[in-house]
Amino acid sequence: MSFTYDVKQEIAGADLDERQAKAQLAALLLVKAALHMNRNGTYLSFQVENASVAKHVWLLVKRLYTVEPRLAVLKKMRLKKNNIYRIVIEQGASRILEDLGILNDRGLHVKPNYDLIRSEKNARAFLQGCFLASGSVNSPRTSNYHLEISVTHRGLAESIQKLMERFFLSARITERKGLWVVYLKAGDKIGDFLRLIDASNALLQFEDLRISRDFYNQMSRLNNCELANEMKSLKAAHGQIEAIERIETLMAPEQIPPKIRAAMDIRKQYPEASLTELCDEIYKATGEVISKSGMKHRMTKIREMAASLSQDRRSSETK
1 MSFTYDVKQE IAGADLDERQ AKAQLAALLL VKAALHMNRN GTYLSFQVEN ASVAKHVWLL
61 VKRLYTVEPR LAVLKKMRLK KNNIYRIVIE QGASRILEDL GILNDRGLHV KPNYDLIRSE
121 KNARAFLQGC FLASGSVNSP RTSNYHLEIS VTHRGLAESI QKLMERFFLS ARITERKGLW
181 VVYLKAGDKI GDFLRLIDAS NALLQFEDLR ISRDFYNQMS RLNNCELANE MKSLKAAHGQ
241 IEAIERIETL MAPEQIPPKI RAAMDIRKQY PEASLTELCD EIYKATGEVI SKSGMKHRMT
301 KIREMAASLS QDRRSSETK
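Using UniProt numbering, count along the sequence shown one by one with no gaps and you end on 319.
Have a look at this one:
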């Protein structure tokens, strides 16, 4: 089963008080239900592919309104041929919508009733219902973090976005194939959302894999950085060795300043050493204390001397 399936199954098994149950059911119906009319009056239909969600909706309606919804199982004929679970509420459909603040004398509402989501726990229950109805989240095993809830009305998408902002979740909205999608891309924010909707087991799994991957990626970046620095140091050392050889070829030993001579000798002995390591070796050999910046200055001076000697030689040859 998918990670989304596991999250929904966990949410569907949570205990809710009556107000939370109504807030969650309101979200489920706003996001996924359709209102129909026939010669017998109005009725509601609700379709999902997740058996746990279908059972949960069926139990919520029966618990809150003491009606008997009809449940039908349909078979898809294309693609994966998953089952579709269709719940039909014929008895008291209008009364249920009115009680949940979705229907009144002025018609249907696509936004949640504020009284229903005023409290924090009811707001969280509403977000649970939204995710149960049409939410999805990528498996934490993938590096592409993505959680979304898709709805048919922009107004509802904006309401979900504002509700998430109450809990410091900066969701974005985009339009895709005629639907309005509210989504999160940051791994830590997706973790916060899973915590918000009480998907504790899914959260632990998500955070464990996310932290492990982020740690591995950070270590890889550090290793790459260290390797790049090491290659840079080796390249610099190779240039210093060439400069030393040029000075020794073109310049008499007594013309070389003693401190530069000491730096040249220690570099030849340790061609792959870092500047810090060269400072240590000079101290061991001569007792002189020199800083890293001091050693860098001497190496720069060696390269400048070599460049000056090469230029003088070319000038004399030209003459």
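Just so it is clear, CB atoms sit at the ideal spot from N, CA and C, and this is done for glycine as well. All values derive from a computational prediction rather than experimental measurement.
Extent of the continuous beta strand (DSSP E) run through residue i
i, result
"Thr42", "41 to 48"
"Ile149", "147 to 151"
"Ser134", "Careful: Ser134 lies outside any beta strand (DSSP E), inside the alpha helix (DSSP H) at 120 to 134."
"Ala262", "Element bounds for Ala262: not the beta strand (DSSP E) but the alpha helix (DSSP H), 258 to 269."
"Ile117", "Here Ile117 belongs to no beta strand (DSSP E), and DSSP marks it neither H nor E."
"Thr174", "172 to 176"
Nearest-angstrom Cβ-Cβ length linking residue i and residue j, presumed shorter than 8 Å
i, j, result
"Ala26", "Leu116", "6 Å"
"Lys8", "Val53", "6 Å"
"Leu309", "Leu250", "4 Å"
"Thr300", "Val137", "Between Val137 and Thr300 the Cβ distance is about 55 Å, and since that is not below 8 Å, they are no contact."
"Ile89", "Pro69", "5 Å"
"Val57", "Gln91", "Contact flag wrong, Cβ pair sits at about 15 Å."
"Ala199", "Ile84", "That belief does not hold up - the Cβ atoms of Ala199 and Ile84 are roughly 24 Å apart, past 8 Å."
"Ile260", "Ile302", "6 Å"
"Ala171", "Gln24", "19 Å between Cβ atoms; not a contact."
"Ser134", "Val151", "7 Å"
"Tyr65", "Ile102", "13 Å between Cβ atoms; not a contact."
"Val110", "His153", "4 Å"
"Ala93", "Leu59", "17 Å between Cβ atoms; not a contact."
"Asp6", "Ala202", "6 Å"
According to DSSP, residues forming a beta bridge with residue i
i, result
"His36", "Tyr43"
"Asn104", "Gly107"
"Val73", "Tyr85"
"residue 357", "Nothing about residue 357 can be reported from this structure: the residues present for the chain run from 1 to 319 only."
Endpoints, the alpha helix (DSSP H) within which residue i is located
i, result
"Tyr65", "51 to 65"
"Lys8", "3 to 12"
"Arg195", "187 to 196"
"Tyr283", "275 to 286"
"Lys162", "154 to 165"
"Ala199", "Where Ala199 is concerned, there is no enclosing alpha helix (DSSP H), given that its DSSP letter is neither H nor E."
"Leu184", "Counting along the chain, Leu184 falls outside any alpha helix (DSSP H), though it belongs to the beta strand (DSSP E) covering 179 to 184."
"Arg95", "93 to 99"
Any non-hydrogen atom of the ligand PLP within 6 Å of residue i CB
i, result
"Ala33", "Among the components modelled here there is no ligand, and therefore nothing to report on the ligand PLP."
Check your understanding: Does the segment 31 to 38 come close enough to the segment 123 to 138 to have 3 or more Cβ pairs within less than 8 Å?
Key -> In this structure the segment 31 to 38 touches the segment 123 to 138; the number of beta carbon pairs closer than 8 Å is three or more.
May I ask you to verify whether the segment 184 to 201 touches the segment 131 to 147, counting CB pairs closer than 8 Å and requiring at least 3?
-> As far as the Cβ criterion goes, the segment 184 to 201 touches the segment 131 to 147, which means the pair count is three or higher.
When the Cβ atoms of the segment 262 to 270 are set against those of the segment 282 to 292, are three or more pairs found closer than 8 Å?
In short, these stretches touch, since the Cβ pair count reaches three.
Quiz item: Should the segment 267 to 279 be called in touch with the segment 241 to 248, which here means at least 3 C-beta pairs below 8 Å?
Solution: In this structure the segment 267 to 279 touches the segment 241 to 248; the number of beta carbon pairs closer than 8 Å is three or more.
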